[in-house]
Structures are given as structure tokens and as C-alpha cells.
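Structure record follows, encoded as C-alpha cells.
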Amino acid sequence: MENKPKKIRVNFPGITSEAWEHPADKAALLALRKVPGIDKVIKALYSVFDEKSIYLYLLATSVRVNEKQFGRVHRIYMEACTIFDIPEDERPALFVTQTPFLNAGAIGWSKPMITLNSGVVEQMSDDELMAIIGHELGHILSGHVLYRTLLFLLLKVTDRALPMLTGIALKPIILALQEWNRKSELSCDRAGLLAVQDPEVVINMEMKMAGGRNIHEMDLGEFIKQAEEYESSDSISDSFHKLMNVLSYATTHPFAVTRLNELLKWVQGGEYDQILRGFYKDLANERIAETTKKAGKGYADDFFKFTDSILKGAKDATSFAKEKTEEAFSKKVESDVEQEEEEATEARSSVKAEDIYDFVDEKAQGFKDLVDDFLSKK
Numbered sequence: 063m064e065n066k067p068k069k070i071r072v073n074f075p076g077i078t079s080e081a082w083e084h085p086a087d088k089a090a091l092l093a094l095r096k097v098p099g100i101d102k103v104i105k106a107l108y109s110v111f112d113e114k115s116i117y118l119y120l121l122a123t124s125v126r127v128n129e130k131q132f133g134r135v136h137r138i139y140m141e142a143c144t145i146f147d148i149p150e151d152e153r154p155a156l157f158v159t160q161t162p163f164l165n166a167g168a169i170g171w172s173k174p175m176i177t178l179n180s181g182v183v184e185q186m187s188d189d190e191l192m193a194i195i196g197h198e199l200g201h202i203l204s205g206h207v208l209y210r211t212l213l214f215l216l217l218k219v220t221d222r223a224l225p226m227l228t229g230i231a232l233k234p235i236i237l238a239l240q241e242w243n244r245k246s247e248l249s250c251d252r253a254g255l256l257a258v259q260d261p262e263v264v265i266n267m268e269m270k271m272a273g274g275r276n277i278h279e280m281d282l283g284e285f286i287k288q289a290e291e292y293e294s295s296d297s298i299s300d301s302f303h304k305l306m307n308v309l310s311y312a313t314t315h316p317f318a319v320t321r322l323n324e325l326l327k328w329v330q331g332g333e334y335d336q337i338l339r340g341f342y343k344d345l346a347n348e349r350i351a352e353t354t355k356k357a358g359k360g361y362a363d364d365f366f367k368f369t370d371s372i373l374k375g376a377k378d379a380t381s382f383a384k385e386k387t388e389e390a391f392s393k394k395v396e397s398d399v400e401q402e403e404e405e406a407t408e409a410r411s412s413v414k415a416e417d418i419y420d421f422v423d424e425k426a427q428g429f430k431d432l433v434d435d436f437l438s439k440k
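Residue numbers (this note's numbering): 63 to 440.
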């Protein structure tokens, strides 16, 4: 794997996460804290799960990074911590865990830890690894790890340990956490770029995350076209499928093309360059003032714009499902059977179609009522 000659990067003494955080992340986090019952869930889970047990599990199953183990990773990690002005005694423990999937994570609450999958260490260049480590440090510096760990634990216990009804009762909290978590990734992509300080590296990293290590088989222009095509598709059927994708596949991360699109907009908007030139404290102060001004309703309104698209998706899903169901069940049964059998088959099909209409309408309305109730408690 080729690596560019070591470059001199800018350090950011005294930088705070407000300088780079994505507005959607801030909005989502403020709104998340208003979710009814979330504080009780946090207390209940953290009374059962001990952060030390997570650390001991990683000690038992992974390799702790230091000067003597994964020296290359350790060197990159130390540089990333220096860039973000993290004191040596506050630097999180870093582990490499054996799995081929390209992923990394930050977990914990009072003493966070970072894990890198071995696939990332093996397939990413030094610069790409710097971006990934910077991304995970961004989660810690932004205070994301409490809620990210909560989401991780909730997904584990609802899948394995909780009765079905309890799992269903927790579903609104899990969905809210997942929606915020996707927004938090947009902030940390910026942190990853600030660590490596080369947009091309981050773009290549995102392409590898989407398509594997054979970057020479991919084309940046075509990848950006994918992002534009995805963002611009807004037909009824597209809205339906986007909704299903968000609820089913993208439970922890936004799609790679969406992340790339958001990051490029940030670079082109000039804030990235401002931070590199040392104006990050001014940016942070502006963000803090904006947060104070918009605290509560303003940021919550920004965050809950996403429910408009979800509701649109639910509404479009209803129309789409009705249309497709009607097509399927309104067709005449063409066969050589007697007319009586044909009429009976059509009658049964008609009943099924009506049942599906009622079901879709009921579920869409129920989802809308849930969101409306959520919004009324902001």
C-alpha cells in the first residue's frame, strides 16, 4: 500500500468541537434530549452495564495499541490527538479488533475507548487511517459517546434479552437515537478531514468504505454523480424506497454518497479553510451564540424537518402500495377454469386488496400520530 511522504499538518490548540459540528447534529442532539423517557432508559441501562466491563472485554478479545503493538497505528493516533490538542492523560484507549469489515467505533461514557477493525488497519493508507481516527476522536470530543453507547446497548438487549412488548415500547427511543446517530456522523466526517487535512484522502476513504479497497476501479466524478442522483430523486416510489432504506439499512450511518455530498458542501462553503487558517475559535463562538439563540424550539424545528421527509415517505408509501396492490389484485385471472372459480378468485383478491389498503392507511396514520405526539412534547 502506497503512502505519501509525511506531510506537515496544522495543529489546533484550544479547539472545541463547536468549530466543526454539523447543524443537523446539534439540532438532533438537542431534540434527542427531549425524547420522553430517555433519561430513565439511560439510568436503567447504565445501572446494569459497567463501563469497566466493556474495557475488560476489549482487553480480552482485542489488541491494545501502543508503541509495541501496532506501532504504525499508534504513531498516527498520537499525531491525531496532538492535532486536536488532547492531553496525553486524557487520550482514549485504542484497540484493534479482528474483523474484516471496514469500520471503527467509539464507545463508553466517562472514559471512552476507540476500536478499529483489522480490515481498516490492513486496507487503509496512513492518511486514510488518520481520517478514520480523527472521525472517532470527533465523536468523543463532541460528547457523542454516551448516546452512541446507549444505542449500541439498546440494540443488543432488545434483540436478545427483553420481552417483545418491552422492545416495542423502546422502539421510538431507538429510532430517535438512530436518526441522531446518522446526523452525528456528518460532524465527525468534518473532524476526520481536519485530522488528515486533505479532502481527496477523505473522498478516497468514503469510496473504499462503499466499494472496497480497489480504488483504481472507481471514479470520483461518477461517485459524486451517484450522490447527486440520490439526493435529487423525489418521485413517489423513490420516496418510498428511501424511507425503507433509512429504516432498514442505514441504522447507524448515513449513506456514503450522502456523507460525501455534505462534506464537499462544507469545504466549498469556506469553514474548513477558516479553521485551517486558525479562525476556529471565532467559528466556535458563533456556533455557541447561535445555539443559545436557537436553543429548544429553533434547533428542534431544524431537526424535525427530517420528520417531514419521513411523513412524506409514509404518505407516498401509502399511495405507492395502494397503486401497486390495485394493479396486482385488479387483474383478471386468466385461466381455463370455469367462470365460477374465476369469479370466486377475483372476489377473494378484492378482499385482500381492501385489507391491504386499510392496513397501510392505519399504519401510516399511526406513524403520523406518533410523530405529531413527539413534536407536541418538544
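Backbone N, C-alpha and C define an ideal beta-carbon position, used for all residues, glycine too. Since the structure is predicted, the reported quantities are computational estimates derived from the model, not experimental observations.
Contact between E268 and A346 fails: their C-beta atoms lie close to 26 Å from each other, not under 8 Å.
With respect to L255, V329 sits close: the two C-beta atoms are nearer than 9 Å. Per DSSP, the continuous alpha helix (DSSP H) segment holding N266 begins and ends at P261 to G273.
When DSSP reads this structure, G167 sits in a beta bridge with T177. Taking every protein chain shown into account, the CB of R134 has fewer than 16 other CB atoms within 10 angstroms, so this residue is exposed. Residues of the same chain with a CB within less than 8 Å of the CB of V182, apart from the 5 flanking positions on each side, are L164, N165, A166, L191 and I194 in chain order. Boundaries of the beta strand (DSSP E) around T159: A155 to T159. Take G76, set aside five residues on each side of it, and the residues of its chain with a beta-carbon closer than 8 Å to its own are D147 and K343, in chain order. As a beta-bridge residue in DSSP terms, R126 pairs with F157. In chain order, N179, S180 and G181 place their CB closer than 7 Å to the CB of T161, counting only its own chain and leaving out the 5 sequence neighbours on each side. For secondary structure counted as the alpha helix (DSSP H) over 4 or more consecutive residues, the segment 73-141 holds these complete runs in sequence order: 85-94, 100-110 and 113-123. For I194, the uninterrupted alpha helix (DSSP H) run begins and ends at D188 to L203, by DSSP.
By the beta-carbon neighbour count (other beta carbons within 10 angstroms, threshold 16), Q131 is exposed.
Judged by pairs of C-beta atoms under 8 Å, the segment 235-250 does not touch the segment 276-288, as fewer than three such pairs exist. Cα atoms of N276 and A93: separation of roughly 40 Å, rounded to the nearest angstrom.
If you draw a straight line from the Cα of S246 to the Cα of E129, it comes to about 31 Å. Sequence-distant partners of Q288 (beyond 5 residues in either direction) whose C-beta falls short of 7 Å from its own C-beta, in its chain, are V319.
Inter-residue distance for L239 and E262 is about 31 Å (C-alpha atoms, whole angstroms). Per DSSP, the continuous alpha helix (DSSP H) segment holding D335 begins and ends at E333 to L338.
V103 and R95 have their C-alpha atoms some 12 Å from each other. Classified as buried, S79 has 16 or more neighbouring CB atoms from the shown chains inside 10 Å of its CB. For D147, the secondary structure class from DSSP, reduced to helix, strand or coil, is coil.
Ranked by Cα distance from P98, the options G332, I350 and I235 are led by I235.
Around E141, the same chain offers R71 and M192 as residues with beta carbons nearer than 8 Å, after the five sequence neighbours per side are excluded. Shown here, D281 sits in coil according to DSSP, grouped into three states, outside any helix or strand.
The DSSP-derived three-state label of P162 is coil.
Cβ atoms of I138 and D188 come within 8 Å of each other, at about 6 Å.
In terms of Cα proximity to R321, the closest of A272, E348 and T177 is A272. If you draw a straight line from the Cα of Y117 to the Cα of G170, it comes to about 9 Å. For D87, same chain residues with a beta-carbon under 7 Å away, outside a window of 5 residues either side, are K245, S246, L248 and S249 in chain order.
When DSSP states are grouped into helix, strand and coil, S172 belongs to the coil group. Taking E113 as the centre and dropping the five residues before and after it, the same chain places the C-beta of G170, W171, S172 and K173 closer than 8 Å to its C-beta, in chain order. Residue state for R71 is assigned as coil, using DSSP reduced to three classes.
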